[in-house]
Amino acid sequence: MDHYEMRLLADYTQLAAVQAANTWRRPTPAAVGGELDADERGEVVFAEIQPPVDAPGLNDEDLRKVVIILDGHETGEYVSLSGIRTTLMAPVKERIWGAKLYSFGTPRSINPLLNTTLKYQSNVTVACLAGPAAAGITGASQQYRIRLWGYVYKTSELPVAFNGGMMQFPAYLSDTARRRTVNISKAPIPINGDTWKTLPGGVDQGVPKINPFARYAYNALATDGLQGDYQFRFTQAGVIDENENLYFEFDDKDALLVEGLGVSPSFDTLMPPAPGVFPNLAKTGLRIAGDYHPKGPTTRLSMFPTDALINQLNYGWLPVVLNVAAPIAPLDIYVAIPKLNRPYLIWDEIGYVTIRDNGVLAVPADPLGVTVVLTGIRVEMRS
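Residue numbers (the numbering used here): 719 to 1101.
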């Protein structure tokens, strides 16, 4: 049946025209083809972003943020995607090296920790922010495109499409590395047209709420140049936007399962990149309840090596060229956000993403610094 096929849910193209720094584009659902009939329901599985670059294709432009709007509700607190070529979180699927893809969840699953797809009843669209003017980067003036893919069901089909039509609880968030588990207790939810938006990934959930989590952050300040921890902490001006905050101070009513982590230079403004385009970064990782992850034999040797020679968390655009002499022909090839070997749980404790410089020079502040991304599952148990 056609309703069981992956399909295009929304398609927005911003034509080549100046989108000034710090301005939004918010197309209507009708403009992107994102409206449903009254007896239909939709789930967004993944996004594709074709980023803006300058006319020769050499320099990034600043499509700073893309968020998805479900039935009029912006979801940026959970899913906030970078639309800049170098740090692209949702590339066009066929352009991803190794065909790996970040998705919001597993469609048609009755497991609430797998089926965290973004669910809507009437319409879906996107909102797109051009970034601040800095270091010669002045918003977005070239064409870009965002597409959302997923499934649409007739309400009468939902019980069959979802293997009997019941979202199963309880569920368990598990961190095997740290031997921690969170029990998510909730009555099973019938899957039908009336309950659709109360399922995981929906905007009308009761507690505990379960949502996909995907967020980027730029270091708004320079690092200390002494290999000290840099915190992407909004309340300490480590980032400029609350939805870039990667410092989590949780009690027992909040949890985040970290499944993916990546780091990239914030911008490539030359093709091929100039030497030192990865600016003085040495390590990237997590610090949870005072411990660094992944652990090493010493504190200094803990976390992932992410310098210019060995970056185990590389993601985003691969600056590959066909010619080393003019005319330069860049290729549109990307690396997906790396998945961690085992997820880490932040619950009833302080946990955050941190980077360290090489101890010789500081990592400069945005836009000449680095971008980190984190993906996972967010659970809120507070009413």
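All C-beta atoms, glycine included, are put in the ideal place defined by N, C-alpha and C.
- Out of A735, C846, Y869 and R865, the CA that lies nearest to the CA of E758 is found in Y869.
- Taking C-alpha positions only, V957 is separated from A756 by approximately 41 Å.
- Between the alpha carbons of K915 and Y838 lies a gap of roughly 6 Å.
- The criterion of a C-beta distance shorter than 8 Å is satisfied by P926 and V1097.
- Less than 8 Å separates the beta-carbon of T1002 from that of V1090.
- In the same chain as L944, and ignoring 5 residues on each side of it, the C-beta atoms closer than 7 Å to its own belong to G1077, in chain order.
- Here the C-alpha atom of V763 lies approximately 15 Å from the C-alpha atom of V784.
- Rounded to whole angstroms, the gap between the alpha carbons of G816 and T941 is 33 Å.
- DSSP places E812 in the helix class (H, G or I) of the three-state scheme.
- Scanning the region 834-865 from its first residue to its last, the whole beta strand (DSSP E) runs of 3-plus residues come out as 836-838 and 842-848.
- Taking C-alpha positions only, R863 is separated from V844 by approximately 11 Å.
- The bridge partners DSSP lists for V771 are D778.
- Note: R1005 is bridge-paired with Y1010 and Y1070 in the DSSP secondary-structure output.
- Bounds of the alpha helix (DSSP H) holding L876 are L876 to A879.
- Following the DSSP letters along the chain, one finds T899 inside the beta strand (DSSP E) bounded by residues R898 to I902.
- The Cβ-Cβ distance between L754 and N833 does not fall below 8 Å.
- By the C-beta density criterion, H1011 is buried, having at least 16 other C-beta atoms within 10 angstroms.
- In the three-state reduction of the DSSP assignment, V870 falls in the strand class, which pools E and B.
- For Y1062, the enclosing beta strand (DSSP E) starts and ends at K1057 to W1065.
- Your pair A895 and R1060 checks out as a contact, with CB atoms roughly 5 Å apart and the cut at 8 Å.
- Put simply, the backbone Cα of A739 is about 14 Å away from that of D778.
- Rounded to the nearest whole angstrom, the C-alpha separation of P1082 and K872 is 52 Å.
- For D970, same chain residues with a beta-carbon under 6 Å away, outside a window of 5 residues either side, are D1066 in chain order.
- Taken atom to atom, the span from the alpha-carbon of L1031 to that of S874 is near 44 Å.
- Taking the C-beta atoms as reference points, E766 is found no nearer than 8 Å to R897.
- Shown here, Q949 sits in a strand according to DSSP, grouped into three states.
- N937 is positioned such that its CB atom lies no closer than 8 Å to that of F952.
- DSSP places L917 in no beta strand (DSSP E); its state is neither H nor E.
- Note: M884 is bridge-paired with P908 in the DSSP secondary-structure output.
- As a beta-bridge residue in DSSP terms, I1095 pairs with P930 and L975.
- S892: member of the beta strand (DSSP E) spanning A889 to D893, first to last residue.
- For R725, the uninterrupted beta strand (DSSP E) run begins and ends at R725 to Q732, by DSSP.
- With contacts defined by Cβ atoms closer than 8 Å, T741 and A848 form a contacting pair.
- Under the criterion of beta carbons closer than 8 Å, D1075 and L999 qualify as touching, at roughly 6 Å.
- If you look at E967, you'll find it in the beta strand (DSSP E) that goes Y965 to E967.
- In the three-state scheme derived from DSSP, where H, G and I count as helix and E and B as strand, Q923 is classed as coil.
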